[in-house]
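Below, the structure written as structure tokens:
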């Protein structure tokens, strides 16, 4: 994480701005404890597409352990793809410390890319940082 932020900071000119988002550990932990499974279905021109995501929390390492399935059903046949992966989460304190080590300064914190999204409404932490 430090190397990635340092590389991004190095690509910015003085006064440049970096905008990125990460999973906010506190909000994610709260949301995914209450809702560990998410499923959504939609009819498409190619058939019915069902997306299912099941998340387990790794509290010790602040990570999400995800198991996702995409299944498309058409004409009585189903094609599916499974994906298992790990997603790291961040705390605001961790982001601030890593920004400082990379030579970046936080400018603004948001819950989403839409400025109207109220704080705490998502499990995302959108960071606007600059290189002094």
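Residue numbers (the working numbering): 8 to 139.
Ideal Cβ placement from N, Cα and C applies to all residues, glycine included.
DSSP places residue 42 outside both helix and strand once states are collapsed to three, so it counts as coil. Residue pairing by DSSP places residue 102 opposite no residue, since no beta bridge is assigned to it. Taking 4 residues as the minimum length, the stretch 108–139 contains no alpha helix (DSSP H) run wholly inside it. For residue 19, no alpha helix (DSSP H) segment is defined, and its DSSP state is neither H nor E. Counting only residues of its own chain and dropping the five nearest sequence neighbours on each side, residue 15 has a CB closer than 7 Å to the CB of 25. Taking each of 72, 88, 123 in turn and checking the Cα distance to residue 78, the smallest one comes out for 88. Boundaries of the beta strand (DSSP E) around residue 63: 54–65.
Counting only the Cα atoms, residue 72 lies some 16 Å from residue 58.
The Cβ atoms of residue 103 and residue 91 lie no closer than 9 Å to each other.
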